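Numbering (the working numbering), first residue to last: -11 to 276. All residues carry an ideal CB built from backbone N, CA and C; glycine is no exception. The structure displayed is predicted, hence computed values, not measured ones.
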């Protein structure tokens, strides 16, 4: 068991997880501004994007890039700085770190090293969309981004069809129509759903209806902006949801292969489901 108080005096530094606005800069909290100004270093998903935020609030703290492509290089550097007593703020381009954004691996490394990790509350697109959607806000199931390929989306959505909770997904504008079609194929075209577009921005918009109606809307309009897709849960599931937690990782992969996925696609899906690195699972599955 590990027990660490967040705000006790400590010779080591402290890792702050700082949410940033998802659109409207007024959603930046006083505490977040003070934290970014006070830390020794900011680990940013995109330093250019974060610099615009820092300029707006007249913050001159030094930045270092930290994104999905350099985690293996950066994490040891950041952990060493924390051990030396430096305070670090980690932030993504928008919203909460680690939620469909970088951060999870750094937090895990800091926890393993016994360092203090402090999460600041703030903007989150999924929860913001949920409470205004009109769908049942609790319980809910957050999934984030689906895979891009149709076959993989079907494999991911199929077990979700038995969920009775409202489901939350993220999607880019150029993939919206195809993703809605995949959802209709699995959930049924009559399933209630909501599209939340450009949250907190000038052109914020909610589209509510059946998946069939939302597909028609997407076909008839020029799709712009980032989307949150909310799908009502299944009121009458015909069978219990697949309890993958009772299967080993290898058994989960073999099960997805039996459902029609290639080995690599199955490994990618199971890695995402269990929040582990695809490369590590690949080596484990093939006993490399």
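Just so you know, the alpha carbons of residue 269 and residue 64 end up roughly 21 Å apart. When C-beta atoms of the region 59 to 74 are compared with those of the region 27 to 35, three or more pairs fall below 8 Å, so the two segments count as touching. The residues 7, 17, 20 and 84, in chain order, have a CB closer than 7 Å to that of residue 110 in the same chain once the five nearest residues on each side in sequence are set aside. With contacts defined as CB atoms closer than 8 Å, residue 160 and residue 200 fail to qualify as a contacting pair. If you look at residue 155, you'll find it in the beta strand (DSSP E) that goes 154 to 159.
Non-local beta-carbon contacts of residue 37 in its own chain, meaning distances under 7 Å to residues more than five positions away in sequence, involve 81 in chain order. In the structure shown, residue 52 falls within a strand segment according to DSSP collapsed to helix, strand and coil. Classified as exposed, residue 225 has fewer than 16 neighbouring CB atoms from the shown chains inside 10 Å of its CB.
Separation of the CB atoms of residue 218 and residue 181 is rounded to 6 Å, and the pair is thereby assigned contact status at 8 Å. A straight line joining the alpha-carbon of residue 60 with that of residue 0 spans about 21 Å.
DSSP, reduced to helix, strand and coil, places residue 236 outside both helices and strands of the structure shown, so it counts as coil. Counting along the chain, residue 198 sits inside the beta strand (DSSP E) bounded by residues 193 to 198. Fully contained in the region 59 to 110 are the following beta strand (DSSP E) runs of length 3 or more, in chain order: 76 to 79 and 104 to 107.
When DSSP states are grouped into helix, strand and coil, residue 189 belongs to the coil group. Look at residue 132 here: in three-state DSSP terms it is strand.
DSSP places residue 216 inside the beta strand (DSSP E), whose first and last residues are 215 to 219. Within a 10 Å sphere around the beta-carbon of residue -9 sit fewer than 16 other beta-carbons, which makes this residue exposed. Boundaries for residue 30: no alpha helix (DSSP H) harbours it, while the beta strand (DSSP E) harbouring it runs 29 to 32, taken from the DSSP string.
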